[in-house]
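Remarks on the structure that follows.
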Amino acid sequence: MTQLAGKHIVLGLSGGVACYKSAELCRLLVKAGATVQVVMTEAAAQFITPVTMQALSGRAVYSSQWDGRERNNMPHINLGREADAVLIAPCSADFIARLAQGRSDELLSLLCLARPMERVPLLLAPAMNREMWQHPATQRNMEQVARDGAVILGVGNGEQACGETGDGRMLEPEEILEDLAAQLSPKTLAGHHVLVTAGPTFEAIDPVRGITNLSSGKMGFAVARAARAAGAQVTLIAGPVHLPTPRGVQRIDVQSAAQMFDAATGFASAASVFIATAAVADWRPAQASSQKIKKDGSGDVPPLAFVENPDILAGIAHSRRAESGELFCVGFAAESENLLDHASAKRERKGVPLLVGNIGPATFGQDDNALILIDAQGHREIPRASKQALAGELIAEIARRVPVRD
Ligand code: CTP
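Residue numbering for the sequence shown follows our numbering, beginning at 663 and increasing consecutively.
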């Protein structure tokens, strides 16, 4: 999450079993390049020790408004002024109630109240039993807190520490990290609807066999995540991949190129940006067998004939909306040699204003990559970096080429 590098985050812990997840969250924040100042309520210290949080954050934990370590003896003022964001995880039902009332009799709620609201966002990751979560008092308090400017990240659903099952689990650390990174990103694509295709397609031969390729979908998922962080509404059409859905993104799962074509052409009618990262199979078996093809003992191999799949990108790029400039199309080219030549020719063939070239065998399945951006004016290389960082650069590049909306 490149957006978190160099940021200073106050990580507040209120009481709850989910405090054990905050240790991992702290570790992920530090790994993403943020500095983390942990502040704990007295209740939080019943669930995890300040010693653990100090070791993981590399900074002494604050837990009292009477902490004399600050020169001016005002930790509640200093901590909020220094922060780029205040994140409360876990945020208990009681803590939400305290925020709703503007209470300030202990350090964490005090610093939330004293933070400069227009500059320092307050994010809450609630965690509680499902009955507590559904209780009208909690819901009412949350509405109030949201009206007062806090960002409520939502909760997960599943087994709870109390043995019950339902809504109220704290989001996973990776999910919270993603939401925080999005919160801190410039909203360069606000008002846009971005459509992304990602991953391989799977072309059935029979019910148990098929043809696919080595695309992992990582680049397309990173692009969808970066577009959402830039404030766009995002629809992600994914072939068969093993990746979690980026937060806040609508995901449509498909198998074959024909299904991807139908889904993409449908959503393209409302999108303003289309980014085709999918490694769509060029051909499919002419006739998929409805039953498993059996060996007949003769040693003969079954004859396989292929037909060409529709070109999703070329089809959409030649639509009325794309040609009139309402829909900005971006293609990818996975080549194995002569990247610039092949990718430049592909950009013209597909009829897209911007094409992203990369070397297929060097990127499929990897977490990093190197890209070359090609448009009518020329090309620009983006050196090897994580796919998430590259996706951020690509989205910034697209944002410079599409109209500002709001
Ligand atoms: N693409 C698509 N539908 C297809 C084939 C490709 O939408 N049936 C898109 C890909 O998502 C990518 C771009 O077209 O954005 C180029 O894909 P690539 O596989 O590199 O090119 P092909 O057109 O298949 O050409 P070739 O395989 O001959 O290099």
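Heads up, the beta-carbon is just placed ideally off N, CA and C, and yes, glycines get one too.
On a predicted model such as this, the values are computed, not experimentally measured, just so you know.
A residue is called buried once 16 or more other Cβ atoms fall within 10 Å of its Cβ, and residue 1003, having fewer, is exposed. In the three-state scheme derived from DSSP, where H, G and I count as helix and E and B as strand, residue 712 is classed as helix. Contact annotation, residue 1005 with residue 1019: C-beta distance approximately 3 angstroms; criterion of less than 8 angstroms satisfied. Relative to the ligand CTP, the beta carbon of residue 938 is positioned inside 6 angstroms of a heavy atom.
Taking residue 799 as reference, the option from 772, 762, 998 and 822 with the minimal CA-CA separation is 762.
Scanning the region 937–965 for uninterrupted alpha helix (DSSP H) segments of 4 residues or longer gives nothing; none is fully contained.
Beta-bridge pairing by DSSP links residue 747 to 671. Residue nearest to residue 737 within the set 774, 709, 802 and 707 is 774 (criterion: CA-CA distance). Take residue 700, set aside five residues on each side of it, and the residues of its chain with a beta-carbon closer than 6 angstroms to its own are 673, 715, 719 and 723, in chain order.
Annotation for residue 1055: the continuous alpha helix (DSSP H) segment containing it runs 1049–1063.
The DSSP-derived three-state label of residue 824 is coil. Exclusion of residue 811 from the 6 angstroms shell around the ligand CTP follows from its C-beta lying no nearer than that to any non-hydrogen atom of the ligand.
The ligand CTP has no heavy atom closer than 6 angstroms to the beta-carbon of residue 875.
Here residue 675 is buried, its C-beta having at least 16 other C-beta atoms within 10 Å. Look at the beta carbons and you see the region 685–692 not touching the region 867–875: under three pairs across the two are nearer than 8 angstroms.
At the C-beta level, residue 897 and residue 929 come within 7 angstroms of one another. A direct Cα-Cα distance of roughly 11 angstroms separates residue 681 from residue 712. In this structure the region 828–848 touches the region 747–763; the number of beta carbon pairs closer than 8 angstroms is three or more.
A direct Cα-Cα distance of roughly 25 angstroms separates residue 771 from residue 829. In this structure, residue 924 lies away from residue 900, with their beta-carbon atoms at least 7 angstroms apart.
Contact annotation, residue 861 with residue 872: C-beta distance approximately 14 angstroms; criterion of less than 8 angstroms not satisfied. A distance below 7 angstroms separates the beta carbons of residue 669 and residue 696.
In this structure, DSSP gives residue 1023 a helical state, which the three-state scheme calls helix.
The way I'd put it, the region 776–783 doesn't touch the region 816–833; fewer than three beta-carbon pairs between them come closer than 8 angstroms. For residue 700, the enclosing beta strand (DSSP E) stretches over residues 697–702. When DSSP reads this structure, residue 859 sits in a beta bridge with 899 and 938. Going by DSSP, residue 1010 is part of the alpha helix (DSSP H) stretching over 1001–1012. Set against 6 angstroms, the gap from the CB of residue 995 to the closest heavy atom of the ligand CTP is smaller.
In the DSSP assignment, residue 990 falls outside any alpha helix (DSSP H) and within the unbroken beta strand (DSSP E) covering 990–997.
The bridge partners DSSP lists for residue 831 are 818. Here residue 824 is exposed: its Cβ has fewer than 16 other Cβ atoms, across all protein chains shown, within 10 Å.
The region 1060–1068 and the region 846–857 touch, with three or more beta-carbon pairs separated by less than 8 angstroms.
With at least 16 other beta carbons inside 10 angstroms of its own, residue 908 counts as buried. By the CB criterion at 7 angstroms, residue 1023 and residue 1048 fall outside the cutoff.
A direct Cα-to-Cα measurement between residue 1051 and residue 976 gives close to 27 angstroms. Residue range 755–763 is occupied by the alpha helix (DSSP H) that includes residue 756.
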